[in-house]
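From first to last, the protein sequence lines are chains H and L. The working numbering puts the last residue of the first sequence at 194; the count rises by one with no breaks. The working numbering puts the last residue of the second sequence at 194; the count rises by one with no breaks. Beta carbons are placed, not taken as given, at the ideal position from N, Cα and C, and that holds for glycine. Quick notes on the structure that follows.
Protein chains: 2
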Amino acid sequence: MTELLIQNILNHITLSKKEIDSFCNLFDQKEVQKKHFLLREGQICKFEGFVTKGLFRVYHIDNNGFEQVLYFAQENWWITDIDSFTNETPSQLYIQALEDSEVLLISKKDKELAYDNIPKIEKLFRVMTQKTHISLQRRMIDNLSKTADQRYIDFIEKYPNLFQRLTNLQIAAYLGISHEFLSKIRRKIASK
Amino acid sequence: MTELLIQNILNHITLSKKEIDSFCNLFDQKEVQKKHFLLREGQICKFEGFVTKGLFRVYHIDNNGFEQVLYFAQENWWITDIDSFTNETPSQLYIQALEDSEVLLISKKDKELAYDNIPKIEKLFRVMTQKTHISLQRRMIDNLSKTADQRYIDFIEKYPNLFQRLTNLQIAAYLGISHEFLSKIRRKIASK
DNA sequence: TTCATTTATTGAACTTGTTCAATGTTTTGA
DNA sequence: TCAAAACATTGAACAAGTTCAATAAATGAA
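Now the structure itself:
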């Protein structure tokens, strides 16, 4: 199932068949059952992953035991803890499958190999990192400037598909509010 | 004053003298007086900049007229609206000098020239974008999980230098709280 | 130096969101 | 298919943060 991966790459840059093959060969497929973890806090994140099936959440548990979701990753999304992966430091994050899932994983060593051997891969990840950074920048602005009601409405509009697959608990953890409060927001919206 | 820029680049990657020169020559120096703008909402951000002197704030004005600071950039920092610059779309952001400042600016065209002619520049910006992304990811987690008091204390610890140069108004706009509330936090902390 | 402007502080009333506990609903797995 | 677990809703009391208005302090430009 590297077909999705190839499409994803070609969406960002153009590569020859040979280059694509040699890059895609660096990935290993892994199945992750629902509720199982790809990464836990304290571990060093050794992989960068591309989701070919299922859904993951990338989250943090704070000092009071509350979970905050950094992002969700469904089919065609990349997942890693870029902080831990890049700096080889213990992760603050958990990556857990919310459904039975499949990912293609590449190790740090193999990724660096690709950087050295296929110059365009450098461009690929520059462009991809830019895009994720832009998304996060937009989310930061929204979190600073919008009320929880509006962020919830935006979420549904922006990710209608994720909205269907996620529980309100997960969505609340992404929006940064308690699930009880989300429940009240939902009632307010429904009554309109 | 490209000395700072050269140091900054060599901090991320290694380049030959020739490569450095040819890259640095793509930058134009610009002076920006206090309170003047490098970018305003609605404009397309045509540059990526490196601050050699002074201090900037990159901020957004929301629908209610409130300002949120995305980040500050002092000497040795890069500034741009990566969203507008990359996608050539109108910016949601303002970039304003908070002190009399100087920046080295590179245009999109010249940056792309550099990508094509000096392969390592691709790596430079991949690595730099990764780093800013990591910082933003950490800030996102903090904003979701920490109380305003703690975020303020963290800010002072992390940026003691910025703390000295900024008004409480600016810091409040970065923390995402009203300046009145910041004032109350300061009193509470001082009384301990 | 001075006066106008910007910045900082404070209190009171208010809004947004949390916490806790109870209850109902849905999902899941043996 | 049935019991246990996970999820969702609700209300009441509470905490965090805002708003508004008034005043004081600091800064800056002529």
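Span of the alpha helix (DSSP H) around residue i
i: T131 (chain L); result: 121–147
i: S24 (chain L); result: 19–26
i: Q172 (chain H); result: 170–177
i: D30 (chain L); result: No alpha helix (DSSP H) holds D30 (chain L); the beta strand (DSSP E) holding it covers 30–34.
i: K205 (chain L); result: Limits of chain L in this structure are 3 at one end and 194 at the other, which puts residue 205 (chain L) out of reach.
i: E5 (chain H); result: 5–14
i: R84 (chain L); result: The amino acid occupying residue 84 (chain L) in the given sequence is Ile; Arg does not appear at that position. That run of the alpha helix (DSSP H) goes 84–89.
Run of the beta strand (DSSP E) containing residue i, from where it starts to where it stops
i: Y96 (chain L); result: 95–99
i: E182 (chain H); result: Per DSSP, E182 (chain H) belongs to no beta strand (DSSP E); it is in the alpha helix (DSSP H), 181–192.
i: Y73 (chain L); result: 69–76
i: I108 (chain L); result: 103–109
i: K55 (chain L); result: 49–55
Amino acids of chain L, ordered along the chain, whose beta-carbon sits closer than 9 Å to that of residue i
i: I84 (chain H); result: Q132, H135, I136, Q139
i: Q94 (chain H); result: R140, I143
Cβ of residue i within 8 Å of any chain H Cβ
i: L72 (chain L); result: yes
i: R42 (chain L); result: no
i: T88 (chain L); result: yes
C-beta neighbour in chain L for residue i, strict 8 Å
i: G67 (chain H); result: no
i: H62 (chain H); result: yes
i: G178 (chain H); result: yes
Neighbour list for residue i in chain L, Cβ cutoff strictly below 7 Å
i: F127 (chain H); result: R128
Within chain H, the residues that residue i reaches when beta carbons sit closer than 7 Å
i: T16 (chain L); result: Neighbours of T16 (chain L) on chain H: none; closest Cβ ~14 Å, over 7 Å.
Closer than 9 Å at the beta carbon, the chain H residues around residue i
i: G51 (chain L); result: Near G51 (chain L) there are no residues of chain H at all, since even the closest Cβ is about 16 Å away, more than 9 Å.
Any residues in the region 100–124 of chain L with a beta carbon nearer than 7 Å to a beta carbon of chain H? Which ones, in chain order?
-> P121, E124
Below 7 Å between beta carbons is the criterion; list the residues of the region 146–160 of chain L that meet it against any residue of chain H, in chain order.
-> L146, S147
Quick one: any contact between the region 81–94 of chain H and the region 139–150 of chain H, if contact means 3 or more CB pairs under 8 Å?
-> no
Hey, is the region 118–132 of chain H in contact with the region 130–137 of chain L, meaning 3+ C-beta pairs nearer than 8 Å?
-> yes
Is it a yes or a no for the region 62–72 of chain H touching the region 118–127 of chain H, going by three-plus beta-carbon pairs under 8 Å?
-> no
Three CB pairs or more closer than 8 Å across the region 89–109 of chain L and the region 34–49 of chain L | yes
Would you call the region 147–167 of chain L and the region 157–172 of chain H in contact, with 3 or more CB pairs under 8 Å?
-> no
Any contact of the region 96–106 of chain H with the region 33–44 of chain H, i.e. 3+ C-beta pairs under 8 Å?
-> yes
Count the C-beta pairs between the region 75–85 of chain L and the region 55–65 of chain L that are closer than 8 Å, then say yes if the count reaches three, no if not.
-> yes
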